[in-house]
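Worksheet: the structure to be examined is printed underneath.
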Amino acid sequence: MKNCTLCKIQVREYAARGLCWACYSKGRRQGKWAIRYDNKPVTLERLDLAWMAGFFDGEGSISLSVHTQPKNRIQVQIQITNSIKATLEPFSKYFSGNINKHYRKNPKELPQYKWSLQSAKKSYEFLNRFMPYFRAKADVAELAIKALEIQLNHKPRKGFGYTDDQIEFFKETKQNIIRLNKCS
Ligand SMILES: [Zn+2]
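Here's what the structure looks like:
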């Protein structure tokens with residue numbers, strides 16, 4: 013298990029520099045370090061990913077649901093809704109997840125397509141991959157990553173759910189995410 017060298021919180025993966033995402037992002041906002049770009053050649057795949065990061069930053073959504081009945085459980089929801097299916101195809105290509113078609117009540121309106129990620133592990137990978145590029149979604153993504161870190165490190169033993177502190181953190185995080193989503 014790794015620990016952030018600054019705040020000592022347990023993390024699955026370092027964001028960079030031996031730091032958790034919260035400490036890394038905070039330092040970045042304070043201008044302590046720039047995003048580290050590498051010098052790898054620009055391939056079609058890398059261009060796709062750069063486009064996806066920007067598209068998701070503007071059009072995507074990140075939310076957290078917290079359930080306490082019948083047992084404690086959380087889910088981070090990552091999705092994008094768009095009326096043009098081709099905009100969503102790169103996301104299912106690189107990260108899997110489903111694209112579903114939704115018809116509108118008003119037949120004059122175009123049907124909508126929704127891409128969504130279900131698995132916590134995939135969501136964690138997705139957010140970590142794009143975190144350095146997020147602008148609008150940086151704060152929400154950071155909170156979602158923290159919740160996912162707790163979820164993925166949690167090994168439920170028989171009869172033991174999340175601790176009260178963890179549930180409290182999830183509920184608080186859910187409200188903070190709702191608040192931040194309203195601002196953007
Ligand atoms: Zn930290």
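In short: position in the sequence shown from 1, add 12, done, that's the working numbering. No residue lacks a Cβ here, since even glycine has one placed at the ideal position from N, Cα and C. Just so it is clear, the structure is predicted and the values come from calculations on it, not from any experiment.
Residue i classed as buried or exposed, judged by whether at least 16 other C-beta atoms fall within 10 angstroms
i: V152; result: buried
i: E161; result: buried
i: V54; result: exposed
i: K113; result: exposed
i: C195; result: exposed
i: I92; result: buried
i: I74; result: buried
i: A4; result: Residue 4 lies beyond the residue range present for the chain, which begins at 13 and ends at 196; the question has no answer from this structure.
i: M143; result: buried
Spatial neighbours of residue i in its chain, beta-carbon cut-off 7 Å, leaving aside the 5 residues before and after
i: K133; result: L164
i: R147; result: D69
i: A150; result: S37
i: L129; result: I90, F107, G109, S135 and F138
Residues near residue i by beta carbon distance below 6 Å, same chain, minus five either side
i: H79; result: R85
i: C19; result: C35
i: I111; result: L100, S104, Y125 and W127
i: I157; result: W33 and L139
i: L59; result: none
Cβ neighbours of residue i in the same chain (closer than 8 Å, five flanking residues each side left out)
i: L155; result: L76, T185, N188, I189 and L192
i: A159; result: L76, I86, V88, F181, F182 and T185
i: K83; result: G173
Neighbour flag for residue i against chain D, beta carbons, 8 Å
i: E180; result: In the structure shown, chain D does not exist; there is a single protein chain.
Which of helix, strand or coil DSSP assigns to residue i
i: R29; result: coil
i: S77; result: strand
i: V23; result: strand
i: L129; result: strand
i: N188; result: helix
i: G72; result: strand
i: N193; result: helix
Range of the contiguous alpha helix (DSSP H) that encloses residue i
i: K120; result: From DSSP, K120 is part of no alpha helix (DSSP H); its letter is neither H nor E.
i: Q91; result: First-last for Q91: R85 to N94, but that is the beta strand (DSSP E), not the alpha helix (DSSP H).
i: S135; result: A132 to F142
i: L160; result: A150 to N165
i: Y106; result: E101 to F107
For residue i, the first and last residue of its enclosing beta strand (DSSP E)
i: K113; result: N110 to H114
For this session: Inspect the CB distances between the segment 27-47 and the segment 57-64 and report whether three or more fall short of 8 Å.
Result: no
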